[in-house]
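Undergrad:
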Amino acid sequence: MISKGKYPNSRYLIILGLVIIFIISACSPPTGQGTTTPGAATGQDENGFDIQIQPGTCPPEGTFYNLFVNHRAIMDLDLGDGETFYMKWENLPQVVFPVEVGPLGIFTNENYNYPIKISYQGTATHPNDADCPVQTFEGIWEMQAEISGLCLEGIVYMEIKEVWIKSDLHSDCDDPIGGSPESVSAPELELEFDLSEDFPQDRITIPEGGVFHATYHYTLLPLGEDELPLAPLIKD
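If you read the sequence shown in the numbering used here, its first letter stands for residue 46, the second for the next number, and so on.
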């Protein structure tokens, strides 16, 4: 149990919670899940012309993809003596990381490393704090991702490292708490995408049962396809 003498203002216990979320998520192994609907995929080359990718083959250099992102993470802490901390993180709708195919089937976002936005909402209770017995949190964080991959026989093996670039925590009780620079927002992932599927996808799931659970879901879709979904398709 944490000594109240060491932390006279219990609101600062939320910093401990934010440290825990990075530690727990970084220690969790990825679990892949994808669709099983083979068929020729369609994309565009660097000149904007449609190309078809047959099962078992890789796209040519200059092909562009959108890596649709769907993240949802929840932390629920009981710190004792009525102190609680609950926070939910979700990406804003239709956020993507652009990815380009380079020489020899290499996938990268080196030239298109744009940030995406992640919303957070939460509450904390402090029964011994007369100034702030109930603390609410709400705001937007930003993250970037370092993406690299390789296509072999129609399968893209991709590594993703997500990093917070803006993660100040705003509440109705305190000044913003600054986030740690370059804090990892999710495990460093090793994912696989079968390009013969209609919706190549993979994800990592940290199951419920502990203080933190989350799903980090990715769908890799070729840029320029006529019937792109408005949001990533997620399996139940």
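Built from N, CA and C at the ideal position, the CB exists for glycine as well.
#1: What are the residues that DSSP puts in a beta bridge with Tyr165?
#2: Could you round the C-beta distance between Ile119 and His258 to whole angstroms and report it? I think they count as a contact, below 8 Å.
#3: Please state whether DSSP places Gly150 in a helix, a strand or coil.
#4: Under the rule that 16 or more other beta-carbon atoms within 10 Å means buried, what is Ile249, buried or exposed?
#5: Based on the DSSP output, what are the partners of Asp176 in its beta bridges?
#6: Per DSSP, which one or two residues make a beta bridge with Glu204?
#7: Output yes or no for whether 7 Å exceeds the beta carbon distance between Val140 and Tyr110.
#8: Flag this pair as yes or no: are the beta carbons of Val146 and Glu106 separated by less than 7 Å?
#9: Does the beta-carbon distance from Met203 to Leu149 come in below 7 Å?
#10: Taking the beta strand (DSSP E) that Thr102 belongs to, which residues open and close that run?
#11: Helix, strand or coil: how does DSSP classify Gly125 here?
#12: Can you grab the Cα-Cα spacing for the pair Cys177 / Asp239, in whole Å?
#13: Thinking just about the alpha-carbon of each residue, which of Ile251, His116, Pro252 and Phe152 is nearest to the one in Lys162?
#14: Can you tell me the Cα-Cα spacing of Leu112 and Met132, whole angstroms?
#15: Taking the beta strand (DSSP E) that Leu265 belongs to, which residues open and close that run?
#16: Count the other C-beta atoms from every protein chain shown that fall within 10 angstroms of the C-beta of Pro172, then say buried if there are 16 or more, exposed otherwise.
#17: Verify whether the separation of the beta carbon atoms of Gly167 and Phe182 is less than 7 Å.
#18: When we look at the beta-carbon of Pro104 and count the other beta-carbons within 10 Å, is it buried (16 or more) or exposed?
TA: Inspection of the coordinates gives the following:
#1: In the DSSP assignment, the residues bridged to Tyr165 are Trp134 and Gly184.
#2: Between Ile119 and His258 a beta carbon distance of about 6 Å is seen, short of the 8 Å cut, so the two are scored as contacting.
#3: Helix, per DSSP.
#4: Ile249 is buried by the Cβ-count criterion.
#5: None, per the DSSP bridge assignment.
#6: Bridge partners of Glu204: Ser193 and Glu235.
#7: No, the Cβ-Cβ distance between Val140 and Tyr110 is not below 7 Å.
#8: In this structure, Glu106 lies closer than 7 Å to Val146 by Cβ.
#9: In this structure, Met203 lies away from Leu149, with their beta-carbon atoms at least 7 Å apart.
#10: Taken as a continuous stretch (DSSP letters only), Thr102 belongs to no beta strand (DSSP E), as it is neither H nor E.
#11: In the three-state reduction of the DSSP assignment, Gly125 falls in the strand class, which pools E and B.
#12: Between Cys177 and Asp239, the C-alpha separation is close to 51 Å.
#13: Ranking the options by Cα distance to Lys162, first place goes to His116.
#14: Straight-line spacing of the CA atoms in Leu112 and Met132 works out to 26 Å.
#15: In the DSSP annotation of this structure, the continuous segment of the beta strand (DSSP E) that includes Leu265 starts and ends at Phe257 to Pro267.
#16: Per the 10 Å Cβ criterion, exposed.
#17: With contacts defined as CB atoms closer than 7 Å, Gly167 and Phe182 qualify as a contacting pair.
#18: Pro104 should be labelled buried.
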